[in-house]
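K.L.:
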Amino acid sequence: MAELPASDLLPPEARIRVVRDAPERQDGDHVLYWMTAARRLEWNFGLDRAQARAQALGKPLVILEALRADYPWASDRLHAFALQGMAEHRRRLEASPVAYHPYVESEAGAGQGLLEAMAERACLVVTDDAPVFFLPRMLRAAAQRLHCRLEAVDSCGLLPLSRIEKPYSSAYHFRRFLQKELGEHLVQLPSGEPLEVRRGLVPGSVPADILGAWPAASEDLLEASVRSMAHLPIDHEVPPVPARGGAGVGRARLDAFLETGLDRYGEERNHPDADAASRLSPWLHWGHISPHEVFHRVASKEGWSPARLGRDATGKRAGWWGMGASAEAFLDELVTWRELGYGFCSVVSEFRSFGSLPDWAKETLRKHASDERPWCYDLESFERASTHDELWNAAQRQLLSEGVIHNYLRMLWGKKILEWSASPEEALNVMVQLNNKYAVDGRDPNSWSGIMWILGRFDRGWPERPVFGKVRSMSSDSTRRKVSLQGYVERWGPQPELELERA
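For what it's worth, our numbering labels the leading residue of the sequence shown as 28, then goes sequentially.
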């Protein structure tokens with residue numbers, strides 16, 4: 028797939044949202060890019076926009092990447108992944124003209140006033156647009172406090188969120204919409220050129236008074252050792268995962284998947300023992316790697332061009348992309364399912380609530396809420412992987428240790444929580460608490476898509492059963508028959524040392 032000319036790499040207008048409509052300050056000291064969701068130095072429409080305005084105005088580009096201490100479920104695990112990405116950014120930008128300020132709160136509220144102080148001297152502020160977690164609320168608050176122009180730029184997916192005007196009830200219906208709308212956007216990619224080697228930027232620096240009041244994070248803290256994070260007011264009972272954050276590690280994972288997993292993805296992705304899944308979700312969630320880059324790399328491997336796209340928007344999973352079967356299966360997950368969740372969260376404000384489920388799902392779950400449950404567990408039992416089911420416990424132990432669950436088993440994990448909880452509302456709470464506390468890729472639209480799919484969102488009615496009603500059910504026995512997971516169960520079998528740590 029050929030690179031686009033530089034003149035075509037500016038963000039399309041459909042991706043730029045003016046949050047505070049004020050004129051650009053021609054006499055400002057710099058252009059400020061407030062990095063919040065797209066935490067990367069390439070394949071980033073927001074950074075492209077900030078650089079373009081800095082060059083046009085002849086001003087330095089300053090990047091602020093901050094990490095709060097009081098976000099929900101803040102822990103050593105989540106902090107470490109973000110910090111490791113920040114450490115990579117500082118190393119890469121040291122010799123560049125771009126001024127980079129990595130700020131980490133030492134206590135809740137310590138960063139209050141930092142954004143306003145840096146924006147006070149800015150020509151404008153450019154930031155990331157994202158529809159979930161605390162980011163929309165934080166952006167609304169910033170719009171009230173800043174006195175300069177504030178733009179939010181959408182790098183979330185291949186289709187601009189502004190083009191999605193209603194929620195879709197299923198992947199099929201959303202896929203039909205995508206197939207009508209997506210073609211023109213597949214040639215509007217953000218720049219893949221590393222920021223530190225781009226030309227034409229005026230050298231800049233972070234003002235001394237800013238550094239004095241809000242010091243940059245130390246190298247030791249950015250390395251994210253448990254010792255360096257010990258003084259932070261976050262949950263120290265949830266340890267970092269073995270995988271490291273940062274674009275470099277995420278790109279290495281992508282390289283490995285393209286080399287050894289993509290060709291097997293279509294047939295083997297559901298088999299835990301086959302290791303054919305991409306395992307990219309942590310880096311996608313933290314913005315360390317872009318869906319545009321992943322798409323570009325897959326398309327390049329397939330020798331693809333837009334001319335191969337199907338002309339009819341039928342909503343079928345296979346055939347429209349004009350790629351091999353495995354590549355199309357992967358893109359259906361990366362694009363259709365991922366962006367279905369992003370779109371839903373961007374247009375439905377109550378997406379977290381039980382009330383946002385389809386009417387048929389709410390009705391059938393409430394009808395069966397009082398059904399007898401042969402097994403019923405509380406949050407603590409689920410958290411400790413203390414159920415009667417060996418396979419469910421294995422999936423929960425993987426979540427506790429690695430911060431992820433194999434994609435297929437994540438569905439079983441949720442269905443069993445629904446079956447073994449006192450009510451569907453309690454099941455929702457358990458899934459949210461466990462996923463958001465332990466999953467490195469949690470707290471984003473994909474999390475809410477997966478959790479709410481367990482309860483019937485994006486699905487249809489099935490033959491009625493106890494507890495589930497018409498919501499789709501799954502069983503451990505059928506899962507064992509369908510997929511290869513003997514090695515998985517052995518790997519994540521009982522681990523007394525892990526259980527002791529959680530006691």
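Ideal placement from N, C-alpha and C gives every residue a C-beta, glycine not left out.
Taking the beta carbon of Gly337 as the centre, do at least 16 other beta carbons fall within 10 Å, making it buried, or is it exposed?
P.N.:
Counting Cβ neighbours within 10 Å, Gly337 comes out exposed, since fewer than 16 surround it.
K.L.:
Is the distance from the Cβ of Ile316 to the Cβ of Leu281 below 8 Å?
P.N.:
Closer than 8 Å, so yes.
K.L.:
Determine, using beta carbons only, whether Ala240 and Tyr130 come nearer to each other than 8 Å.
P.N.:
No, the Cβ-Cβ distance between Ala240 and Tyr130 is not below 8 Å.
K.L.:
On the three-pair Cβ rule with 8 Å, is the stretch 158-166 touching the stretch 281-295?
P.N.:
Flag = no, the stretch 158-166 and the stretch 281-295 do not touch.
K.L.:
Identify the continuous beta strand (DSSP E) that holds Pro472 and give its terminal residues.
P.N.:
Per DSSP, Pro472 belongs to no beta strand (DSSP E); it is in the alpha helix (DSSP H), 472-481.
K.L.:
Can you name the start and end residues of the alpha helix (DSSP H) that Ile444 belongs to?
P.N.:
Here the alpha helix (DSSP H) through Ile444 covers 434-447.
K.L.:
Can you tell me which of the three DSSP states Met62 falls into?
P.N.:
Strand, per DSSP.
K.L.:
Taking the continuous alpha helix (DSSP H) assigned at Thr287, which residues delimit it?
P.N.:
Run containing Thr287: 274-287, per the alpha helix (DSSP H) assignment.
K.L.:
Taking CB distances under 8 Å as the criterion, tell me whether Ala412 reaches chain C.
P.N.:
Protein chain content of the structure displayed is limited to a single chain, and chain C is not contained in it.
K.L.:
Fully enclosed by the stretch 172-236, which alpha helix (DSSP H) runs are 4 residues long or longer?
P.N.:
The stretch 172-236 contains these whole alpha helix (DSSP H) runs: 198-208.
K.L.:
Assess contact between the stretch 54-64 and the stretch 82-92, defined as three or more Cβ pairs (one per stretch) separated by less than 8 Å. Is contact present?
P.N.:
Enough Cβ pairs lie closer than 8 Å, so yes.
K.L.:
Taking the straight line between their C-alpha atoms, what separation do you get for Val459 and Ser505?
P.N.:
Spanning the two alpha carbons is a distance of roughly 25 Å.
K.L.:
Suppose only complete runs of 4+ residues qualify. What are the alpha helix (DSSP H) ranges in the stretch 291-363, listed by chain order?
P.N.:
Within the stretch 291-363, the complete alpha helix (DSSP H) runs of at least 4 residues are 308-312, 318-328, 352-358.
K.L.:
Please report how far the alpha carbon of Ala33 lies from the alpha carbon of Arg470, in whole angstroms.
P.N.:
In this predicted model, Ala33 has a pLDDT of only 38, less than 50, meaning its place in the structure is not dependable; the value taken from the coordinates is given anyway. Cα to Cα, the separation comes out at about 34 Å.
K.L.:
Taking 8 Å as the threshold, find out whether the stretch 222-233 comes into contact with the stretch 200-208 through three or more Cβ pairs.
P.N.:
No, because fewer than three Cβ pairs between the stretch 222-233 and the stretch 200-208 fall closer than 8 Å, the two stretches do not touch.
K.L.:
Which class does Gly496 belong to by DSSP, given the choice of helix, strand or coil?
P.N.:
Strand.
K.L.:
If you drop the 5 nearest sequence neighbours on each side, which residues of the same chain put their C-beta closer than 8 Å to that of Arg379?
P.N.:
Around Arg379: Val459, Trp475.
K.L.:
So, helix, strand or coil for His116, using DSSP?
P.N.:
DSSP places His116 in helix when its eight states are reduced to three.
K.L.:
Terminal residues of the continuous beta strand (DSSP E) containing Arg47?
P.N.:
Run containing Arg47: 43-47, per the beta strand (DSSP E) assignment.
K.L.:
How should Glu329 be labelled, buried or exposed, when 16 other C-beta atoms within 10 angstroms of its C-beta is the threshold for buried?
P.N.:
When all chains shown are included, Glu329 counts as buried.
K.L.:
Are there 16 or more other CB atoms within 10 angstroms of the CB of Gln425, so buried, or fewer, so exposed?
P.N.:
Looking at its Cβ environment, which holds 16 or more other Cβ atoms inside 10 Å, Gln425 is buried.
K.L.:
For the putative contact between Ser373 and Ile261, defined by C-beta atoms under 8 Å, what is the C-beta separation to the nearest angstrom?
P.N.:
With a Cβ gap of about 29 Å, Ser373 and Ile261 do not count as contacting.
K.L.:
From Ala257 to His312, what distance separates their C-alpha atoms?
P.N.:
Going from the Cα of Ala257 to the Cα of His312 covers about 25 Å.
K.L.:
Grouping DSSP H, G and I as helix and E and B as strand, with all else coil, what is Cys372?
P.N.:
Three-state DSSP puts Cys372 in a helix.
K.L.:
If you draw a straight line from the alpha carbon of Trp331 to that of Leu455, how long is it in whole angstroms?
P.N.:
Spanning the two alpha carbons is a distance of roughly 41 Å.
K.L.:
How many angstroms separate the CA atom of Ser448 from the CA atom of Ser376?
P.N.:
Their backbone Cα atoms lie some 26 Å apart in a straight line.
K.L.:
Where does Pro163 sit, in a helix, a strand or coil, going by DSSP?
P.N.:
Note: Pro163 maps to helix in three-state DSSP.
K.L.:
Tell me whether the beta-carbon of Val20 lies closer than 8 Å to the beta-carbon of Asp468.
P.N.:
What is shown of the chain runs 28 to 530, which leaves residue 20 out entirely.
K.L.:
If Leu461 and Glu410 are in contact, beta carbons under 8 Å, what's the gap, nearest whole angstrom?
P.N.:
Their Cβ separation, rounded to whole angstroms, is 6 Å, which keeps Leu461 and Glu410 in contact under 8 Å.
K.L.:
Return the bridge partner residues of Asp155 from the DSSP annotation.
P.N.:
Val180, per the DSSP bridge assignment.
K.L.:
In terms of residue numbering, what span does the alpha helix (DSSP H) encompassing Leu91 cover?
P.N.:
Unbroken run through Leu91 is the beta strand (DSSP E), 88-94; no alpha helix (DSSP H).
K.L.:
Please look up how many angstroms separate the CB atoms of Ser289 and Val325, rounded, as I've assumed it's under 8 Å.
P.N.:
In the sequence under discussion, the amino acid at residue 289 is Leu, which differs from the Ser named in the question. Right, the Cβ-Cβ distance comes to about 7 Å (below 8 Å), so this counts as a contact.
K.L.:
Are the CB atoms of Val494 and Arg400 nearer to each other than 8 Å?
P.N.:
For Val494 and Arg400, yes; Cβs fall inside 8 Å.
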